[in-house]
Amino acid sequence: MKRTLFLIVIGLGGAAILLSLGIWQVQRLAWKQGVIADIDARITSAPVPLPKVPDPEVDAYLPVTVTGRFAGDTIRVLVSQKQIGAGYRLITPFETDAGRVLIDRGFVASDDKGIATPQGTVTVIGNLQWPREIDSYTPAPDLDNNIWFARDVSELATRLGAAPLLIVTREMSVANPPVTPLPVDTSRIPNDHLPYAITWFALAAIWLAMSLLFLRRRSGAKSES
Numbered sequence: 050m051k052r053t054l055f056l057i058v059i060g061l062g063g064a065a066i067l068l069s070l071g072i073w074q075v076q077r078l079a080w081k082q083g084v085i086a087d088i089d090a091r092i093t094s095a096p097v098p099l100p101k102v103p104d105p106e107v108d109a110y111l112p113v114t115v116t117g118r119f120a121g122d123t124i125r126v127l128v129s130q131k132q133i134g135a136g137y138r139l140i141t142p143f144e145t146d147a148g149r150v151l152i153d154r155g156f157v158a159s160d161d162k163g164i165a166t167p168q169g170t171v172t173v174i175g176n177l178q179w180p181r182e183i184d185s186y187t188p189a190p191d192l193d194n195n196i197w198f199a200r201d202v203s204e205l206a207t208r209l210g211a212a213p214l215l216i217v218t219r220e221m222s223v224a225n226p227p228v229t230p231l232p233v234d235t236s237r238i239p240n241d242h243l244p245y246a247i248t249w250f251a252l253a254a255i256w257l258a259m260s261l262l263f264l265r266r267r268s269g270a271k272s273e274s
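Quick note on the numbering used here: the sequence shown kicks off at 50 and runs consecutively.
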């Protein structure tokens, strides 16, 4: 009897732990969906002038509008697009009344050569971003071929003589073919809580089923004896 009670406690206790993990993941899912919804609303809100002292925490994703002139070299950051393949983000310094900032102009395919930089006064609408794309596996930039493997805002700013401030273009007052804007969105924010929740709930069901099966076999063995 004591052994059977112990097995029941183990079965119910294990299932309870697995169910609690699943419930926690559901709660995390609701929290993450709220965060993403807030960011989406922020990204698509009306643009404002560039803050005097932008803060990476407070002003991340802030829509801004700036007017000025592109000035200086363009850096190419390697990126891949679905159904298109490899290409580059074009990062170009931009002179404004508030100083020189960085503009992520958008994407060009890797076989597009000699992309012209827009001339004259240009208005750019986009979002402030401080992307975290650097890790221990990120290669160093290939400076000889002007190929970078991540948008390291500090390094890009140093190289291009600009403030460490990146505006990712949503739209521009002048045409810039074949450059296609890659606006900021939330598609790359990880949100794996639903599959994790399903996994924990499935494990809880399996745990209960196996516990019941074991108890039935034990009960059957006892009755035969």
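Where is the CB? At the ideal position from N, CA and C, for every residue including glycine.
Just so you know, these numbers come straight off a predicted model, no measurement behind them.
Rounded to whole angstroms, how far is the Cβ of residue i from the Cβ of residue j, which I believe are closer than 8 Å?
{"i": "aspartate 153", "j": "isoleucine 140", "result": "6 Å"}
{"i": "proline 213", "j": "valine 202", "result": "5 Å"}
{"i": "leucine 231", "j": "leucine 177", "result": "That belief does not hold up - the Cβ atoms of leucine 231 and leucine 177 are roughly 15 Å apart, past 8 Å."}
{"i": "phenylalanine 143", "j": "valine 173", "result": "7 Å"}
I'd like the span of the beta strand (DSSP E) that includes residue i, first residue to last.
{"i": "arginine 208", "result": "Looking at the DSSP string, arginine 208 is not in any beta strand (DSSP E); the run it does join, the alpha helix (DSSP H), is 202 to 209."}
{"i": "aspartate 153", "result": "148 to 158"}
{"i": "arginine 237", "result": "Unbroken run through arginine 237: none, as it is neither H nor E."}
{"i": "asparagine 281", "result": "Only positions 50 to 274 of the chain appear in the structure, and residue 281 is not among them; the question remains open."}
{"i": "isoleucine 11", "result": "With the chain covering only 50 through 274, there is no way to say anything about residue 11."}
{"i": "alanine 347", "result": "Residue 347 lies beyond the residue range present for the chain, which begins at 50 and ends at 274; the question has no answer from this structure."}
{"i": "glutamate 220", "result": "215 to 221"}
Consult DSSP for residue i and reduce its assignment to one of helix, strand or coil.
{"i": "threonine 123", "result": "coil"}
{"i": "threonine 53", "result": "helix"}
{"i": "threonine 166", "result": "coil"}
{"i": "aspartate 89", "result": "helix"}
{"i": "proline 112", "result": "strand"}
Using a Cβ-Cβ distance under 9 Å, would residue i count as near chain D?
{"i": "leucine 127", "result": "The structure shown contains no chain D; it is built from a single protein chain."}
Taking all protein chains shown into account, decide if residue i is buried (16 or more other Cβ within 10 angstroms of its Cβ) or exposed.
{"i": "threonine 53", "result": "exposed"}
{"i": "leucine 261", "result": "exposed"}
{"i": "alanine 246", "result": "buried"}
{"i": "arginine 219", "result": "buried"}
{"i": "glutamine 132", "result": "exposed"}
{"i": "phenylalanine 277", "result": "Only positions 50 to 274 of the chain appear in this structure, which leaves residue 277 out of reach."}
Is the stretch 116 to 126 touching the stretch 142 to 160 in the sense that three or more CB pairs, one from each, lie closer than 8 Å? Under the three-pair Cβ rule at 8 Å, the stretch 142 to 160 counts as touching the stretch 116 to 126.
Is the number of C-beta pairs between the stretch 81 to 89 and the stretch 60 to 68 that are closer than 8 Å three or more? Output reads no: the stretch 60 to 68 does not touch the stretch 81 to 89.
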